[in-house]
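Participant: Before anything else, here's the structure in question.
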């Protein structure tokens, strides 16, 4: 059972555009939501994270929007650059189960020059 | 410094070989993790060590054997693997439950394993 659903699976954006990746969850035990960026052949790198008591968090060009009532959260990449081309994973941490992470299926982002 | 190191970067082994993957962190983290990642898929949790004790084993076959010699090191011993075990093996670490701040997991670069 996939507890975190991520969409789209792939995304193509022009340079300078906005990339939007969405995630939805069901488990109300999730209490922390990190996003990871992964380049081919590398490990996932923490990009930005949010707690459910905050509706939005911004770090540079990256923003997480969080809708607790809808159990949805999204990553917005403003002014997308070719260097942002990577796979992005949302994740949700279960604070009642040893802080284990459940990952979304991933989104492959390509930013065209 | 949020660095987790892994060696080797690449490993090719036969089905009868015995090899080990190594992971190291010097962030004072007390939880360490092994994940397996297949191409175009998210990481799948294999094992969790918390305060040097195995706390979670996600029904991983016994041909994978984890070891945590001390709080900074994590090994994964491999024996009699199958070709379908070929994947990127990722190590991660975090403060652990009860630690300071968020219990964020930081990943290493991974070991690309090929089983022939």
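Residue numbers (the working numbering), protein chains in the order written: chain A, 49 to 161; chain B, 465 to 580. Idealized CB from N, CA, C, for every residue including glycine.
At least one CB of chain A closer than 7 Å to the CB of residue 528 of chain B: is that the case?
Facilitator: Output row for residue 528 of chain B: interface = no.
Participant: Note down the Cα distance separating residue 97 of chain A from residue 550 of chain B, rounded to an integer number of angstroms.
Facilitator: 31 Å
Participant: According to DSSP, simplified to helix, strand and coil, what is residue 506 of chain B?
Facilitator: coil
Participant: May I ask which residues mark the beginning and end of the beta strand (DSSP E) holding residue 496 of chain B?
Facilitator: 495–501
Participant: Should residue 561 of chain B be flagged as near chain A, meaning a C-beta pair shorter than 7 Å?
Facilitator: yes
Participant: With a Cβ-Cβ cutoff of 7 Å, do residue 561 of chain B and residue 151 of chain A count as a contact?
Facilitator: Not a contact, by the Cβ cut-off of 7 Å.
Participant: Please report the residue range of the beta strand (DSSP E) in which residue 157 of chain A lies.
Facilitator: 155–160
Participant: Using the C-alpha atoms, what's the distance from residue 118 of chain A back to residue 91 of chain A?
Facilitator: 31 Å
Participant: Using a beta-carbon distance below 7 Å, is residue 90 of chain A in contact with chain B?
Facilitator: yes
Participant: Does residue 80 of chain A get closer than 7 Å to chain B when you measure Cβ to Cβ?
Facilitator: yes
Participant: Taking the DSSP output, what are the residues bridged to residue 531 of chain B?
Facilitator: B:539
Participant: Straight-line CA distance for residue 525 of chain B to residue 531 of chain B?
Facilitator: 15 Å
Participant: Mind reading off the beta-carbon distance from residue 64 of chain A to residue 132 of chain A? Whole number of angstroms is fine, and I expect it under 8 Å.
Facilitator: Going by Cβ atoms, the distance from residue 64 of chain A to residue 132 of chain A rounds to 11 Å, so no, they are not a contact pair.
Participant: Is it a yes or a no for the segment 509–517 of chain B touching the segment 485–499 of chain B, going by three-plus beta-carbon pairs under 8 Å?
Facilitator: yes
Participant: Just how far apart, CA to CA, sit residue 137 of chain A and residue 87 of chain A?
Facilitator: Approximately 11 Å, taken between the alpha carbons.
Participant: Using alpha carbons as the reference points, say which of A:129, A:145 and A:110 lies closest to residue 122 of chain A.
Facilitator: A:110
Participant: With a cut-off of 8 Å on the beta carbons, I'd call residue 81 of chain A and residue 145 of chain A a contact; round off their distance for me.
Facilitator: That belief does not hold up - the Cβ atoms of residue 81 of chain A and residue 145 of chain A are roughly 15 Å apart, past 8 Å.
Participant: Near residue 580 of chain B, what residues of its chain come up, given a Cβ to Cβ distance below 6 Å and the 5 sequence neighbours on each side ignored?
Facilitator: 478
Participant: Tell me the DSSP secondary structure of residue 101 of chain A in three-state form.
Facilitator: Coil.
Participant: Which class does residue 79 of chain A belong to by DSSP, given the choice of helix, strand or coil?
Facilitator: strand
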